[in-house]
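**Q** Starting off with a structure, shown below.
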Amino acid sequence: MNVRAFLNTILDSVLPRRERDMRTKRRSLQDIPLAPTTHELLGTRILTIMDYRERAVEELLQSLKYDASGHAATLCAEALEDFLREEVSSVRAFSTKRILLVPVPLHKVRERERGFNQIEVILKHLPKEFHDGRAAAVVPALLRTRPTKQQTHLSRNERLKNVAGAFELSDASVLHDAHVVLIDDVVTTGATLTEAAKPLMKRGISVNLLALARA
Numbered sequence: 012m013n014v015r016a017f018l019n020t021i022l023d024s025v026l027p028r029r030e031r032d033m034r035t036k037r038r039s040l041q042d043i044p045l046a047p048t049t050h051e052l053l054g055t056r057i058l059t060i061m062d063y064r065e066r067a068v069e070e071l072l073q074s075l076k077y078d079a080s081g082h083a084a085t086l087c088a089e090a091l092e093d094f095l096r097e098e099v100s101s102v103r104a105f106s107t108k109r110i111l112l113v114p115v116p117l118h119k120v121r122e123r124e125r126g127f128n129q130i131e132v133i134l135k136h137l138p139k140e141f142h143d144g145r146a147a148a149v150v151p152a153l154l155r156t157r158p159t160k161q162q163t164h165l166s167r168n169e170r171l172k173n174v175a176g177a178f179e180l181s182d183a184s185v186l187h188d189a190h191v192v193l194i195d196d197v198v199t200t201g202a203t204l205t206e207a208a209k210p211l212m213k214r215g216i217s218v219n220l221l222a223l224a225r226a
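In the numbering used here, the protein residues as written are 12 to 226.
Shown next as structure tokens:
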């Protein structure tokens, strides 16, 4: 068992989900430590905006991922908003391309089991201008073509093999003349995000990678 899994076990044993969710509901964005950082992972730059090792961040993302907390989704969207505005400004400074926000997809079996994709839930809580094209538009442009193992207990090489070839474009036509911001919740080695970016990059699409938190 790695350190993160061990800490999660301890957390679940001493802090029941209901109490964790109540703590999250009492928090505002000012209570969530933001730590924007650019990482070089697998030869690719990935921006993260929080540190998963922070207790408030871990509780926030677990409340969203496992209990579909609407308040947690709102806080995550508020945290994302400023960084997405900066991204829009920097892209539009030198390009007229449309800006698309693309969530990393779950496989249909896992999404059916969970009932939702947490990144899609977060993006729904962004202001309207990030949906109607004024700033950007949310487009589920990727498919996860096969189920993959949970990455938590896998080594770096096992993670790479686990997600290899697991993504493809759902509709290439919507990506014409677009700049994509590919978004996931938590990044550890970067295996999932970089693999999800490959079908986009093979089409010559410019892609920036963003995760809410680094574990």
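Note that CB positions come from ideal geometry on N, CA and C, so glycine has one too.
If we count the other Cβ atoms within 10 Å of its Cβ and call it buried at 16 or more, is V228 buried or exposed?
**A** Outside the modelled stretch of the chain, which goes from 12 to 226, sits residue 228, for which no answer is possible.
**Q** Please classify F178: does DSSP put it in a helix, a strand, or coil?
**A** strand
**Q** Going by the beta-carbon positions, is the gap between A222 and T59 smaller than 8 Å?
**A** yes
**Q** With a threshold of 8 Å, are at least 3 pairs of Cβ atoms found where one atom belongs to the segment 143-153 and the other to the segment 166-176?
**A** The answer is no - the segment 166-176 does not touch the segment 143-153, with fewer than three Cβ pairs under 8 Å.
**Q** When you compare each of L165, A90, V197, M212 to H187 by their alpha carbons, which one comes out closest?
**A** Checked all of L165, A90, V197, M212; the closest Cα to H187 is M212.
**Q** Taking S166 as the reference, which of T200, K135, S181 has the closest Cα?
**A** Looking at the Cα atoms, T200 is the closest of the given residues.
**Q** Which class does D75 belong to by DSSP, given the choice of helix, strand or coil?
**A** First, the amino acid is wrong: residue 75 is Leu here, not Asp. If DSSP states are grouped into helix, strand and coil, L75 belongs with the helices.
**Q** Are the segment 94-109 and the segment 70-81 touching, with three or more C-beta to C-beta distances below 8 Å?
**A** no
**Q** Output the residue ranges of the beta strand (DSSP E) runs that lie fully inside the segment 85-156 and measure 3 residues or longer, sorted by chain position.
**A** 109-114, 153-155
**Q** Buried or exposed: D42, going by 16 or more other Cβ atoms within 10 Å of its Cβ?
**A** Within 10 angstroms of the beta-carbon of D42 lie fewer than 16 other beta-carbons, which makes it exposed.
**Q** With L180 and A152 assumed to form a contact (beta carbons below 8 Å), what rounded beta-carbon distance in angstroms separates them?
**A** 6 Å
**Q** Please classify S101 as buried or exposed, where buried requires at least 16 other C-beta atoms within 10 Å of its C-beta.
**A** Exposed, because fewer than 16 other Cβ atoms sit within 10 Å of the Cβ of S101.
**Q** Measuring straight from C-alpha to C-alpha, what distance separates Q129 and A79?
**A** Those two C-alpha atoms are separated by around 7 Å.
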